[in-house]
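Take a look at the structure set out below.
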Amino acid sequence: MTTPSPALPTQEPAFRHATPLSGPGFQQTSADLYAEMRRAHGPVAPVLLDGDVPAWLVLGYREVQYVVSSPEVFGRDSRRWNAWDRVPPDWPLLPLIGHQPTMMFAEGAEHRRRAEALDEALGAVDQFELGARAQQVADQLIDAFAGSGEADLITQYADGVPLPVVARMIGVPEAETADLVRDVYQTHAAGEGANEAYARVREKVRRMVESKKDTPGPDVTSRLLAHPAALAVEEITEDLLHLMNAGQLPTAYWIGNTLRLMLTDDRFAMTLSGGRRSVGQALNEVLWEDTPTQNFPGRFAVHDVRLGGRQIRKGDLLILGLAAANHDPLVRPLPQTSSGNQAYMSFSYGDHRCPYAAQEIAKVIAEAAIEVLLDRLPDVVLAVPADTLTWRPSPLFRGLSALPVKFSLAW
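Heads up, the sequence shown is in UniProt numbering, so the first residue is 1 and it goes up one at a time.
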């Protein structure tokens with residue numbers, strides 16, 4: 001169990017008993033920690049991010065809904081933040097909170113202009129072709145380990161499915177996809193050479209956007225260039241970079257978390273009568289119980305305001321507790337109420353939610369990946385006790401470090 005942080009001299013009184021969003025206890029039993037914080041603080045709790053940087057975690061379902069539906073009170077532009085003087089230049093959360101010229105940080109009419117263009121471009125994606133591409137990528141990954149009788153379904157499978165599919169969808173040429181995917185993975189690893197890899201990714205995407213002005217195709221980039229919003233090349237480049245990042249990590253974790261559920265829960269086991277619950281049901285349950293995006297930064301108070309019994313100061317950072325909101329007992333007293341229900345906060349809510357078309361694209365990719373695996377390796381089983389599985393260290397996302405399995409040799 002994670003314990004509250006001791007008071008720090010540099011902390012204001014509201015954060016003297018803040019809870020750190022880090023540590024083994026948080027990673028392994030985050031749902032228990034959210035429940036403990038709700039009992040101690042109510043629907044809005046003081047927390048500490050890496051380096052003891054203070055923020056508010058919004059735990060309540062209705063409170064999250066209010067925050068994301070009130071842009072005049074809680075802005076999206078992180079330049080509003082009042083704690084930049086506490087953030088070191090190598091802060092690990094800087095790539096997610098530091099202002100970038102993407103639609104994710106835009107507000108008002110500027111956000112609507114870019115969001116509408118992306119929604120329409122994604123809405124025109126042929127989902128049959130998308131699913132076929134996802135199946136092709138999944139088959140290629142399985143081919144690489146099918147003859148060994150064992151695999152790690154995270155690093156050898158789930159991590160490798162989404163990005164090649166998204167790259168094809170936005171129009172990256174086949175010959176350049178492998179290099180682009182490799183550089184994006186290196187960027188996510190955040191190790192040596194990550195900055196150089198990100199610079200290469202940005203340049204490749206920018207060149208691809210430029211090339212589509214002369215040779216458009218049936219892809220997202222070409223549709224963005226042709227949209228009446230008259231987006232500039234740099235705007236499209238930035239939004240595509242965000243789309244690639246948002247399409248990779250949460251979708252890979254969605255695949256991995258769903259495979260874990262299906263391998264450890266008897267309700268999803270194959271029976272002689274073929275009566276197992278469907279992949280779609282498993283995907284939906286994971287969004288309620290083990291959503292890949294647990295906490296999302298953020299919103300910044302436009303002025304002083306009270307929320308959930310707390311005094312929020314102008315410029316304070318609010319973290320959207322999406323996983324905690326999904327478990328709010330005031331709106332979901334029993335877990336069974338999630339069956340078939342899609343009112344989860346897993347894709348956020350309001351103007352800055354994950355676009356509906358993007359949600360459908362992620363589902364098509366995840367469903368294809370899981371179904372191909374179950375078709376190719378029908379006797380796949382977990383190779384280690386379920387209670388020994390560990391989660392990757394992150395205050396924002398929830399995904400397994402590894403998912404070791406074994407199966408009969410397949411060719």
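Where is the CB? At the ideal position from N, CA and C, for every residue including glycine.
Quantities reported herein were computed from a predicted structural model and do not represent experimental measurements.
In this structure, the CA atom of Pro-218 is about 11 Å from the CA atom of Ala-226. DSSP places Gly-256 inside the alpha helix (DSSP H), whose first and last residues are 233–264. Between Tyr-34 and Gly-321, the beta carbon gap of about 7 Å places them in contact (Cβ cut-off 8 Å).
According to the DSSP secondary-structure assignment, Ile-370 is paired through a beta bridge with no residue. Arg-310 carries a strand assignment under DSSP once its states are collapsed to helix, strand and coil. Judged by DSSP secondary structure, Gly-160 falls outside any beta strand (DSSP E); it is assigned neither H nor E. Where Leu-96 is concerned, the enclosing alpha helix (DSSP H) starts and stops at 94–97. The stretch 19–99 is shown to contain whole beta strand (DSSP E) runs of 3 or more residues at 44–49 and 53–58, in chain order. Under the DSSP definition of a beta bridge, Ala-151 partners with Val-405.
Apart from the 5 residues on each side of it in sequence, Lys-213 sits with its Cβ closer than 7 Å to the Cβ of Leu-225 in its chain, given in chain order. As computed with DSSP, Leu-317 is found in a beta bridge with Phe-300. Rounded to the nearest whole angstrom, the C-alpha separation of Val-381 and Leu-263 is 6 Å. By the Cβ-count criterion, Tyr-356 is exposed, with fewer than 16 other Cβ atoms from all chains shown falling within 10 Å of its own Cβ. A buried status is given to Val-279, since no fewer than 16 other beta-carbon atoms sit within 10 Å of its beta-carbon.
Across the set Thr-221, Val-286 and Gln-136, the C-alpha of Thr-221 shows the shortest separation from the C-alpha of Asp-119. DSSP places Phe-145 inside the alpha helix (DSSP H), whose first and last residues are 127–145. Note that the C-beta distance between Ala-362 and Gly-256 is not below 8 Å. Rounded to the nearest angstrom, the Cβ distance from Val-172 to Met-208 is 6 Å, consistent with a contact under 8 Å. In this structure, the alpha-carbon of Thr-291 lies about 6 Å from that of Ser-346. Boundaries of the alpha helix (DSSP H) harbouring Gly-280: 279–289, taken from the DSSP string. Per the C-alpha coordinates, the member of Thr-388, Asp-328, Val-405 and Cys-354 positioned closest to Glu-36 is Asp-328.
Distances from the CA of Ser-22 to each of His-41, Pro-54, Val-44 and Ile-370 were compared; the closest alpha carbon is that of Pro-54. Judged by pairs of C-beta atoms under 8 Å, the stretch 40–60 touches the stretch 308–327, as three or more such pairs exist.
Rounded to whole angstroms, the separation of the alpha carbons of Ser-211 and Val-233 is 10 Å.
When Ala-124, Arg-310, Met-104 and Leu-259 are compared, the shortest CA-CA separation from Ile-236 is found for Met-104. Per DSSP, Asn-341 is not a residue of any alpha helix (DSSP H), being assigned neither H nor E.
By the Cβ neighbour-count rule, Ser-78 is buried, with 16 or more other Cβ atoms within 10 Å of its own. The C-beta distance from Leu-287 to Ala-138 rounds to 21 Å, too long to meet the 8 Å contact threshold. Out of Leu-307, Leu-409 and Leu-389, the CA that lies nearest to the CA of Ala-45 is found in Leu-307. In the three-state reduction of the DSSP assignment, Thr-215 falls in the coil class. Contact between Thr-293 and Leu-396 holds: CB atoms are separated by about 7 Å, below the 8 Å threshold. Checking the DSSP bridge columns, you'll see Asn-295 partnered with Gly-321.
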